[in-house]
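A quick write-up on the structure given underneath.
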Amino acid sequence: MNGRTILVAAFLGLALPAAAQPLDPLLKGFDDACDYTDALGGLLQSSYAFARKEGSVEIPGGYEAAFGKPAVVKEEDYLHITLPVIDSTWRDVPVKEIEVYITELESGFSSHTVVFKTAALKQAEAAFKARGAAAQKKLTKQDDSGFGWQTGFAVRDGAPRYECDLST
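Right under this line is the structure:
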């Protein structure tokens, strides 16, 4: 928006569009061999408790407006948790939601995914495909127990996404 447009909007009392909130501080390291910030780890752990009806989702401070109402759907042996994201980006790519898959009973299975908006496919691929390939190489070296940890950029059902699966 140029200065003249802002001045006219201010003069007329028009609301300016809000800037998208970057999730970069929350997701720092997620695309570097699944290195989670404490805030993201807390959010994910609280989503497990929410899905298992043992607690509530605890949104990290400063991100309250970035998340919508969480949802849980039972899919066979798994709980699919969706944390809708509202008008936020990661590395300037619009984010749709964060998905979590866990088992109903506590186990070593957990998969976390940042799902981007479908219209941002090319932008997401440009931002994350090479990062994901490098992160997979790094993660494979860290997987001393041979669990087959997986990370990287993918497109599933037409939706671009960045995934971390550190299941044991």
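Each position in the sequence shown, counted from 1, maps to that position plus 798 in my numbering. Glycine included, C-beta positions come from ideal geometry on N, C-alpha and C.
Return the bridge partner residues of Arg954 from the DSSP annotation. Under the DSSP definition of a beta bridge, Arg954 partners with Ala957.
Separation of Lys915 from Ile896, as counted between CA atoms: If you take the alpha carbons of Ile896 and Lys915, they lie about 11 Å apart.
Any idea if Ile884 is buried or exposed, counting beta-carbon neighbours within 10 angstroms, 16 or more meaning buried? Flag for Ile884 reads exposed.
Could you have a look at Ala869 and say whether DSSP puts it in helix, strand or coil? Here Ala869 sits in strand by DSSP.
Contact defined as beta carbons within less than 8 Å: I believe Thr887 pairs with Pro820. What is the distance between those atoms, to the nearest angstrom? Going by Cβ atoms, the distance from Thr887 to Pro820 rounds to 5 Å, so yes, they are a contact pair.
Just list the alpha helix (DSSP H) runs in the region 900-960, keeping only unbroken ones of 4 residues or longer that don't cross its boundaries, in chain order. Listed in chain order, the complete alpha helix (DSSP H) runs (minimum 4 residues) inside the region 900-960 are 919-940.
Within the same chain, show all residues whose beta-carbon is closer than 6 Å to that of Arg959, passing over the 5 residues directly before and after it, in chain order. Within the same chain, Cβ atoms closer than 6 Å to the Cβ of Arg959 are found at Thr911, Val913 and Ala952, the five residues on either side in sequence being excluded.
Contact set for Val871: own chain, Cβ-Cβ below 6 Å, skip 5 residues either direction: Around Val871: His878.
Would Asn900 and Tyr846 be called neighbours here (beta carbons separated by less than 8 Å)? The question names Asn, yet the displayed sequence has Ile at residue 900. The criterion of a C-beta distance shorter than 8 Å is satisfied by Ile900 and Tyr846.
Assigned exposure category for Pro868 - 16 Cβ within 10 Å defines buried: Pro868 counts as buried, since at least 16 other C-beta atoms from the protein chains shown sit within 10 angstroms of its C-beta.
Got a sec, what are the start and stop residues for the alpha helix (DSSP H) Ser844 sits in? That run of the alpha helix (DSSP H) goes Asp836 to Ala849.
Pro823 versus Ala831, Leu838 and Ile857, residue with shortest Cα-Cα distance: Each of Ala831, Leu838 and Ile857 was checked against the Cα of Pro823, and the nearest Cα belongs to Leu838.
Roughly how far, in whole angstroms, is the beta-carbon of Ala931 from the beta-carbon of Pro892, given that I think they are within contact range, below 8 Å? Between Ala931 and Pro892 a beta carbon distance of about 22 Å is seen, past the 8 Å cut, so the two are scored as non-contacting.
Among Phe945, Ala818, Trp947 and Cys962, which has the Cα closest to the Cα of Tyr861? For Tyr861, the closest alpha carbon among the candidates Phe945, Ala818, Trp947 and Cys962 is that of Ala818.
Which residue or residues does DSSP assign as beta-bridge partners of Asp833? Paired residue(s): none; Asp833 is not in a bridge.
How would you label Leu841, buried or exposed, when you count the other beta carbons within 10 angstroms and need 16 or more for buried? When all chains shown are included, Leu841 counts as buried.
Is Asp885 helix, strand or coil when you go by DSSP? Residue state, collapsed to three classes: strand.
Let's test the definition: count the other Cβ atoms within 10 Å of the Cβ of Glu873 and tell me whether it reaches 16, buried, or not, exposed. So Glu873 ends up on the exposed side.
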